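**Student:** Numbering (the numbering used here), first residue to last: -1 to 253.
Ideal placement from N, C-alpha and C gives every residue a C-beta, glycine not left out.
Remember, it's a predicted structure, so these values are computed and weren't measured experimentally.
Handing you a structure now.
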């Protein structure tokens, strides 16, 4: 019969084979009861069939199967905007994936569905994680998420629009951002001064940028949510009063 096991979310591609070997061996327990099938569910970050993440994960699965006869990897790739709901449906139907590459996992830790990373990775491997990425994969000090991918956000500006508005350098503070947006609104007709990506695709990341830059956080060191903290209320109060209510921003679709 096929046997299923569960390993942490956000599996690192380069370490996938090692993680699967450790898990499969411990799951089989030395029993000769047929091949093991591991189900991998991953997020798709591509925008077309040619750029789909399916190609990457299929190649990883083939390489792993070639190196580990008797272990099969079933790959399913879903859009990153839909994978959360699909995984919830899988769990509700009793068909949880064995490996999951996605963004959020604290709820799965609370439900006791994930192994700690220490169960499948060596101490040396974990020590090579970048601290910032490692911390993002922890729940109350225990590593569950294994870093796989990270996005970098930057503030960019249109030099031609800045010249038309008489702005000589990019803003370095929130107030300078507001002042520059006011100049653009007044001097460059038809241009929306600031693109605020708080739409359906980018709201979590954009919210986090403002939260952190305002000295706030989403949770404290012991896992308690701090979303309604004084710092966060001040940050989003400023954002609403200075950029949204004044018409200095527009919501943009991130790509």
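1) According to DSSP, simplified to helix, strand and coil, what is residue 167?
2) Are at least three pairs of beta-carbons, each pair with one atom in the stretch 134 to 143 and one in the stretch 108 to 126, less than 8 Å apart?
3) Keeping to the same chain, check which residues put their C-beta closer than 8 Å to that of residue 247; ignore five residues upstream and five downstream.
4) Considering only the alpha carbon of each residue, which of 127, 185 and 174 lies closest to residue 161?
5) Judging by CA-CA distance, which residue of 38, 159, 164 and 131 is the nearest neighbour of residue 188?
6) According to DSSP, is residue 241 part of a helix, a strand, or is it coil?
7) Shortest alpha-carbon distance to residue 214 belongs to which of 228, 221 and 82?
8) What separation, rounded to the nearest whole angstrom, lies between the Cα atoms of residue 207 and residue 197?
9) Could you tell me which residues DSSP puts in a beta bridge with residue 81?
10) Ignoring anything shorter than 3 residues, give me the beta strand (DSSP E) runs that lie fully in the stretch 96 to 131, in order along the chain.
11) Looking at the structure shown, is residue 142 part of a helix, part of a strand, or coil, going by DSSP?
12) I need the straight-line Cα distance from residue 29 to residue 67, nearest angstrom please.
13) In the DSSP assignment, the beta strand (DSSP E) including residue 37 goes from what residue to what residue?
14) Residue 61 to residue 237, Cα distance in whole Å?
15) Run through DSSP, which three-state label would residue 54 get?
16) Select from 49, 134 and 107 the residue whose C-alpha is nearest the C-alpha of residue 219.
17) Quick test of your reading: residue 224 and residue 217, contact by CB under 8 Å. State the CB separation rounded to the nearest angstrom.
18) Exposed or buried, residue 42, counting other C-beta atoms within 10 Å across all chains shown (16 or more means buried)?
19) In angstroms with no decimal places, state the Cα-to-Cα distance between residue 33 and residue 132.
20) With distances taken from CA atoms, which of 233, 157 and 137 is nearest residue 115?
**Tutor:** In short:
1) coil
2) yes
3) 179, 190, 191, 192, 193, 194 and 241
4) Of the candidates 127, 185 and 174, 185 places its Cα closest to the Cα of residue 161.
5) 159
6) helix
7) 228
8) Straight through space, the alpha carbons of residue 197 and residue 207 are spaced by roughly 14 Å.
9) In DSSP, residue 81 forms no bridge with anything.
10) 97 to 99
11) coil
12) With a pLDDT of 46 at residue 29, under the threshold of 50, the modelled position of this residue cannot be trusted; read the value that follows with caution. For residue 29 and residue 67, the distance between alpha carbons rounds to 15 Å.
13) 34 to 42
14) 49 Å
15) Residue 54 falls in the helix class under three-state DSSP.
16) Answer by Cα proximity: 134.
17) 6 Å
18) With 16 or more Cβ atoms within 10 Å of its Cβ, residue 42 is classed as buried.
19) 33 Å
20) Between residue 115 and the set 233, 157 and 137, the nearest pair of CA atoms involves 137.
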